[in-house]
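In our numbering, the protein residues as written are 66 to 218.
Ideal Cβ placement from N, Cα and C applies to all residues, glycine included.
This report refers to the structure that appears directly beneath it.
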């Protein structure tokens, strides 16, 4: 019985990993939701880590690099926390990426695109700026950066 549960849980983990890379926390959460016993879940996670299929650092780097063009640091960090990546690891990943990441440039690019969109045509300038400001804040950009970008528009 235990071997069957182990086999099915491992197959489920590989199905999840086939779709996209996952964090250790995500896999553990899925196991909990599926009712996989904790000892079996730990064995599978340890095996997947040892074989290189699960790596929180690589996952956090890839997730961050894929999201920083469209979202601000606050949102990306929150998403990583929700995915079970440890906070200290998130901090290290951001420190590594800070050199190449320009939050202000990303916010400016999104703001300019949003200001020029069709849905903004014919809207008074103050209302446009308010909408763009709200949009950037929802995307996770810091209020200081958003304020600076809005003043420049």
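Note on residue 97: under 16 other CB atoms within 10 angstroms of its CB, so exposed under the neighbour-count rule.
DSSP places residue 174 in the uninterrupted alpha helix (DSSP H) bounded by 168 to 180. Under the DSSP assignment, residue 141 falls in the alpha helix (DSSP H) whose first and last residues are 138 to 147. Cβ neighbours of residue 180 within its own chain (closer than 7 Å, five residues either side excluded): 193, 197, 218. By the C-beta density criterion, residue 134 is exposed, having fewer than 16 other C-beta atoms within 10 angstroms.
Fewer than three beta-carbon pairs drawn from the segment 104 to 118 and the segment 162 to 180 are found closer than 8 Å, and the two stretches are therefore not classed as touching.
In the three-state reduction of the DSSP assignment, residue 134 falls in the coil class. If you draw a straight line from the Cα of residue 166 to the Cα of residue 155, it is about 15 Å long. The shortest C-alpha to C-alpha distance from residue 108 to any of 174, 160, 68 is the one to 68. Between the segment 182 to 191 and the segment 139 to 148, the count of C-beta pairs closer than 8 Å stays below three; the two stretches do not touch.
Annotated three-state conformation of residue 116 is coil, per DSSP.
Approximately 6 Å separates the beta-carbon atoms of residue 95 and residue 81; this is inside 8 Å, confirming the contact.
Remark: C-beta atoms of residue 90 and residue 149 approach each other more closely than 8 Å.
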